[in-house]
Amino acid sequence: MRVALFVTCLADTLFPETGKATVRVLEGLGVEVVFPREQTCCGQLHLNAGYAHEARALATRFRDVFGPYDAVVSPSGSCVAHVREQHAGWGEAHVYELSQFLTGVLGADDVGSGFAGRVTYHPTCHSLRSLRVGDAPLRLLRAVPGLELVELGAAEECCGFGGTFAVKNAAVSSAMLDEKIDHVLATGAGAVCACDASCLMHIGGGLRRRRAGVRPLHLAEILAA
10 MRVALFVTCL
20 ADTLFPETGK
30 ATVRVLEGLG
40 VEVVFPREQT
50 CCGQLHLNAG
60 YAHEARALAT
70 RFRDVFGPYD
80 AVVSPSGSCV
90 AHVREQHAGW
100 GEAHVYELSQ
110 FLTGVLGADD
120 VGSGFAGRVT
130 YHPTCHSLRS
140 LRVGDAPLRL
150 LRAVPGLELV
160 ELGAAEECCG
170 FGGTFAVKNA
180 AVSSAMLDEK
190 IDHVLATGAG
200 AVCACDASCL
210 MHIGGGLRRR
220 RAGVRPLHLA
230 EILAA
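Position in the sequence shown (from 1) plus 9 gives the number in the working numbering.
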């Protein structure tokens, strides 16, 4: 199978290891991964900020760039949710968040990885409510030898990021983040895992400010370990 990697703005500029890890996982399962260099932002940020015209232009470009491929895989639940909403029908059939693609399309719960340590999983809002990935990330994590998966309290509560929400409503966002970090620390885990680098960036910043010693790790990074 030949798939295109939609790396997203955040992975491209701030978390390149997440994109690299995604490629390693897919190639390890025999998938041919192509990186279309013409790709740009999917337009999620623009739409959330009220720039609908610019968002539509980027949505059209996305379809033009990624249309020729069998499937498009991305390590971002929020970006995939946005693309699917903008391209009803085509998006659901062609664009996948990583855990959805691994378990749903490839039928792979065990990707041959290994990880030593205790991990807790935060289900991000878009992956949970928009994409409805269900237990796909958990099945992948449970199959990793050496990984102890610890349940996160109030897991389905938002971490407070929400893109521009964290900027426009900083006080509320910070309060939500504090609650999320309290639950993370209560698990005693050495790492918190999620399917969105944006939420991990938010949670990771809070953990660093508390000097908590807990690592934020994208699911792809654990599966590529």
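Cβ coordinates follow ideal geometry from the N, Cα and C atoms, glycine included.
- Close CB contacts of Ala30 within its chain, under the 8 Å cut and outside five residues either way in sequence, are with Pro84, His227, Ala229, Glu230, Leu232, Ala233 (chain order).
- Shown here for Gly37: same chain residues with a beta carbon closer than 7 Å to its own, the five before and five after excluded, namely Val120, Gly121 in chain order.
- With contact defined as three or more Cβ pairs closer than 8 Å, the stretch 144-156 and the stretch 180-190 are not in contact.
- Using a Cβ distance threshold of 8 Å, Ala80 and His103 count as a contacting pair.
- Of the other Cβ atoms in all chains shown, 16 or more fall within 10 Å of the Cβ of Val223; this residue is therefore buried.
- Asp205 is classed as buried because its beta carbon has at least 16 other beta carbons within 10 Å across all chains shown.
- For Ala90, same chain residues with a beta-carbon under 6 Å away, outside a window of 5 residues either side, are His135, Ser139, Leu140 in chain order.
- The beta carbon of Ala68 sits closer than 6 Å to those of Gly52, Gln95, all from its chain and outside the five residues before and after it, given in chain order.
- DSSP places Pro225 in the uninterrupted beta strand (DSSP E) bounded by 224-227.
- Uninterrupted beta strand (DSSP E) stretches at least 3 residues long and entirely within the stretch 84-134 occur at 104-106, 126-130, given in chain order.
- For Leu140, there is no enclosing beta strand (DSSP E), as DSSP gives it neither H nor E.
- Val82 is bridged by DSSP to Leu14, Tyr105.
- For Pro132, the CB contacts under 7 Å within the same chain, skipping 5 residues up- and downstream, are Ala164, Glu165 in chain order.
- Here DSSP, grouped into helix, strand and coil, assigns Ala203 to strand.
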